[in-house]
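Accompanying notes for the structure given below.
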Amino acid sequence: TVNDIFRNGPSSLQAIPAVNESLSSDKLCAVCNDRTVCQHYGARTCEGCKGFFKRTVQKKAQYVCTGNKNCTIDKRFRSRCQYCRFQKCIAVGMVKEVVRYGSLSGRRGRLPSKTKVQHSDDPPSPPLPLLTLINKAYVESKTIPTPTLYNGGTEQLLSAMDEEFRFMLLFVEKIPNSTEISQNDITKLIECNFFALLALKLCYGWTEGNSLHMEQIEVDIAAVPQPLKLLFTLIQEEAKRFQHLIQWDPPSFSALLALQFLNTK
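Letter by letter, the sequence shown follows residues 1 to 265 in UniProt numbering.
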């Protein structure tokens, strides 16, 4: 429940699986197979692909492939098709959210993973770490619209909560092996954990101020009617405490959200 998570504080994160540093032993860029020494935006990439990905996201560039959208992307030909290069960046786990909001600046932004470019003569690449896949499911579920300001109406707030529910449903459906859970059970689990999941999302997205950011709207807590105002006020108070105690990053947050979804108590 929300109270359990807030009462336990940072100890709630102990169940999140750690990503093993030993996974990154090949020192090759996951996009173009060039030499690299660390991770950028969620995947092991070279400086060239890091810069290309950052510029593309920041400029919101739109590319077109003149071929069949399956161009070879390697050290020699990586600049020939920007469309296929960017799609490969996404495919190997690079996260656009990190570029937009700087959530993983510096060393905290490096997600160790072992990803090789697959050639016809090479063995299949190992699967991405579960933590990376869960984070990817979270990022792909977000529409990232420009939030509208909350007008103080109950109907607008309930509509925003409906959107949060749809987001959570989409997120869970993208988690690996979630198909083993029936759609009915997924819906019931989200219903039982909805306010706990919402509280986690709002704490994670909170910045200094008196507002909380939902998928659709930016909520001014002072304008929220009771009894929901009490809930949002509590979430804001806990968000302030958590921001000082926890170094939030997308992979650990996504894992915590997935764990809360599976809570049956």
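Beta carbons are placed, not taken as given, at the ideal position from N, Cα and C, and that holds for glycine.
As the structure is a prediction and not an experimental result, all values here were calculated from the model.
Candidates the options: closest to residue i by CA position
i: K174; options: V139, Y204, E97; result: V139
i: S211; options: E237, L169, V172; result: E237
i: C81; options: V95, V92, Q62, S182; result: Q62
i: H244; options: A223, E208, L231, M214; result: E208
i: L189; options: F261, E180, P129; result: F261
i: M94; options: L259, P251, L197; result: P251
i: V92; options: P129, A30, F53, G67; result: A30
Range covered by the beta strand (DSSP E) that runs through residue i
i: V172; result: Looking at the DSSP string, V172 is not in any beta strand (DSSP E); the run it does join, the alpha helix (DSSP H), is 154-174.
i: I217; result: 217-220
i: L212; result: 211-213
Cβ-Cβ separation, residue j to residue i (assumed contact under 8 Å), whole Å
i: V98; j: Y83; result: Actually they do not touch by this definition, with Cβ atoms about 21 Å apart.
i: A255; j: C203; result: About 15 Å; that fails the 8 Å criterion.
7 Å Cβ cutoff met for residue i and residue j
i: F165; j: S141; result: no
i: C46; j: D74; result: no
i: L158; j: E218; result: no
i: R85; j: R78; result: yes
i: E163; j: Q216; result: yes
Continuous alpha helix (DSSP H) stretch holding residue i: start and end
i: L200; result: 183-205
i: P251; result: 250-261
i: T233; result: 228-245
i: T132; result: 130-141
i: Q88; result: The sequence given here has Lys at residue 88, not Gln. 82-91 is the extent of the alpha helix (DSSP H) around K88.
Minimum Cβ-Cβ distance from residue i to chain B less than 7 Å
i: C203; result: Absent from the structure: chain B. Only one protein chain is present.
Buried or exposed (CB count within 10 angstroms, at least 16 for buried), residue i
i: T264; result: exposed
i: N135; result: buried
i: N8; result: Only weak support exists for where N8 lies, its pLDDT of 46 falling under 50; the value from the coordinates is given anyway. Exposed: under 16 other Cβ atoms inside 10 Å.
i: P112; result: Any reading at P112 must be qualified, since the residue scores a pLDDT of 44, below 50, and its modelled position is unreliable; the value itself is stated next. It counts as buried.
i: E191; result: exposed
Distance cut-off 6 Å: residue i Cβ against heavy atoms of the ligand GDP
i: T72; result: With respect to small molecules bound, the structure shown includes none, and the ligand GDP cannot be examined in it.
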